[in-house]
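The structure appears right after this line, and notes come after that.
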Amino acid sequence: MRRALDVLGPALFCLPDGEIGEKTPAFPKGNRIAWVVYAIEKLTEDKTSWQVIKQPVRSPEDGMADSYENFQKLKPLHSPADMPQHVQLGYDLFFAKSYPVFVRLRETYGLPQLKFQLGVPTGFAMGFAFASPITWLRYTYAFNTVIAREVNAALAMAGHDVIVQLEVPPELYAAYKLPTPLIGLALRPIKDLLNKITPGARVGIHLCLGDFHNEALVHPKTLGKMVAFSNRLVEEWPTQHTLEYVHYPFAEGIVPPPTEASHYVPLKDIALPRSARFIAGFVHEKRSLAENKHILESIESARGQAVDVASSCGLGRRTPETADQLLELTARLTNA
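Residue numbering for the sequence shown follows the working numbering, beginning at 1 and increasing consecutively.
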């Protein structure tokens with residue numbers, strides 16, 4: 001947090017805690033660096049509620065599975081109805097630890113308008129741990145109950161001082177596999193989670209492509225389906241929550257965003273509430289400053305307005321050197 005504040009300061013409107021978690025011998029780079037893998041590892045530890053039916057192939061570098069294909073596979077020992085009372089993922093506990101630090105830093109840097117960003121998956125993302133697609137679907141809403149319970153605990157602590165970021169790689173993946181008229185099916189886990197979160201929440205949507213070991217899960221050839229997906233979500237957005245932003249990713253992990261202006265033309269069709277920010281997630285270490293500026297100009301030309309700027313995914317799982325490089329690039333692009 002301090003490094004981001006040093007480099008970007010007043011240009012920030014919300015700030016996560018880095019989502020690194022605890023560094024342990026099992027997870028030397030941190031147990032939260034790989035998004036939903038943290039939650040899957042929490043389940044794996046609980047032998048009373050989950051049976052491991054396939055062991056993961058772990059990376060010696062970070063202790064996580066070494067690829068999307070080599071996750072552990074789990075069998076639930078409780079029904080979907082009973083499971084939530086046996087599971088604690090701990091997003092609320094991480095928040096309780098990080099939020100006071102954030103508040104002190106915000107005061108130190110004199111940024112009273114800055115909000116804390118709490119990123120969580122939907123229950124659909126937990127399906128990576130299941131061998132059976134049927135089990136995956138049966139437990140999605142039960143996991144939403146757990147995630148909402150922990151989000152609501154954070155909201156009870158901080159209220160409107162926190163923006164809840166829902167990260168939706170599997171839903172976006174499903175949308176790209178479905179015909180456009182059926183995109184609504186991919187939205188169901190998101191809508192169920194939103195309906196379980198305390199009314200009045202400030203929510204951001206990260207249309208993540210996936211970034212496990214800096215490798216994308218989704219490889220879109222065009223942005224048209226992503227636009228259709230976010231437009232449908234906005235159209236069906238629940239009135240009890242405020243949509244603060246939609247974060248569009250344009251890089252695919254290690255693969256940098258395209259430089260062709262034509263790639264970004266579909267962004268002209270994005271529909272957002274007037275109060276919602278469009279976050280362009282394109283800043284990439286494999287593009288020069290000039291190339292990053294060209295991409296920004298192409299996006300703003302397509303949108304017909306200035307946009308907010310970010311990387312495609314979080315920096316906590318990147319090396320400190322790469323994270324610093326991306327922060328500096330972002331600062332130069334935003335004149336921070």
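Note that beta-carbon positions come from the ideal geometry of N, C-alpha and C, so glycine has one too.
Given the structure is predicted, the values throughout are model-derived calculations rather than measurements.
Does the Cβ-Cβ distance between residue i and residue j come in under 7 Å?
i              : j             : result
glycine 224    : proline 249   : no
proline 84     : valine 146    : yes
lysine 75      : glutamine 51  : yes
alanine 34     : methionine 64 : yes
leucine 233    : glutamine 117 : no
leucine 12     : leucine 77    : no
valine 309     : glutamate 300 : no
threonine 259  : glutamate 297 : no
alanine 375    : valine 265    : Since the first and last residues shown for the chain are 1 and 336, residue 375 lies out of range.
glycine 123    : proline 189   : yes
histidine 160  : histidine 206 : no
proline 256    : lysine 286    : yes
aspartate 6    : serine 98     : no
asparagine 231 : alanine 271   : yes
glycine 21     : arginine 3    : no
Quick one: what's got a C-beta closer than 7 Å to residue i's C-beta in the same chain, skipping five residues either side?
i             : result
threonine 218 : Note that residue 218 is valine in the sequence shown here, rather than threonine. Once the five neighbours on either side are set aside, the close Cβ partners of valine 218 are Pro169, Leu172, Tyr173, Tyr176, Leu209 and Gly210.
proline 220   : Tyr176 and Met226
leucine 338   : Because the chain in this structure spans residues 1 to 336, residue 338 falls outside the shown range and cannot be described.
lysine 42     : Leu89 and Gly90
alanine 323   : Leu315
valine 103    : none
threonine 237 : Checking the displayed sequence, the identity of residue 237 turns out to be tryptophan instead of threonine. If we look at tryptophan 237 and ignore the five residues flanking it on each side, its Cβ neighbours are Leu243.
asparagine 70 : Pro56 and Val57
threonine 222 : Pro266
My understanding is that residue i touches residue j, with C-beta atoms under 8 Å, so please give their C-beta distance in whole angstroms.
i             : j            : result
arginine 277  : tyrosine 245 : 4 Å
leucine 193   : leucine 166  : 7 Å
glutamate 107 : glycine 314  : Not confirmed; about 24 Å, so no contact.
histidine 284 : alanine 251  : 5 Å
leucine 289   : serine 311   : Incorrect: roughly 14 Å between the Cβ atoms, too far for contact.
aspartate 66  : arginine 58  : 6 Å
methionine 1  : alanine 96   : The pair is not a contact, with the Cβ atoms about 15 Å apart (cut-off 8 Å).
lysine 293    : leucine 333  : 7 Å
leucine 111   : proline 10   : 7 Å
histidine 86  : serine 49    : 5 Å
Tell me which same chain residues have a C-beta within less than 6 Å of the C-beta of residue i, skipping the five on either side of it?
i              : result
proline 80     : Arg138, Tyr139 and Ala142
valine 36      : Pro121 and Ala125
isoleucine 197 : Ala148 and Val151
lysine 29      : Asp62
aspartate 92   : Glu150, Ala153 and Ala154
glutamine 240  : Pro199
Assuming residue i is part of the beta strand (DSSP E), what are its boundary residues?
i          : result
lysine 54  : 50-54
proline 76 : 73-76
Could you give the first and the last residue of the continuous alpha helix (DSSP H) run that contains residue i?
i           : result
valine 101  : 91-109
leucine 329 : 320-334
lysine 42   : 37-45
alanine 4   : 2-8
Quick one: what's got a C-beta closer than 8 Å to residue i's C-beta in the same chain, skipping five residues either side?
i              : result
glutamine 72   : Ile40, Thr44, Val52, Lys54, Gln55, Pro56, Ala65 and Ala129
asparagine 195 : Pro238
leucine 235    : Just to set this straight, residue 235 is glutamate in the shown sequence, not leucine. Excluding residues within five positions, the ones whose Cβ falls inside 8 Å are Ala271.
query = Can you list the beta strand (DSSP E) stretches of 3 or more residues lying completely in the stretch 169-253, in chain order?
reply = The stretch 169-253 contains these whole beta strand (DSSP E) runs: 202-206 and 242-249.
message = Which complete alpha helix (DSSP H) runs does the stretch 117-165 hold, if anything under 4 residues is left out?
response = Runs of the alpha helix (DSSP H) inside the stretch 117-165: 133-158.
ask   = Of all the beta strand (DSSP E) runs that stay within the bounds of the stretch 256-307, which reach a length of 3 or more residues?
value = Fully enclosed beta strand (DSSP E) runs of 3 or longer: 277-283.
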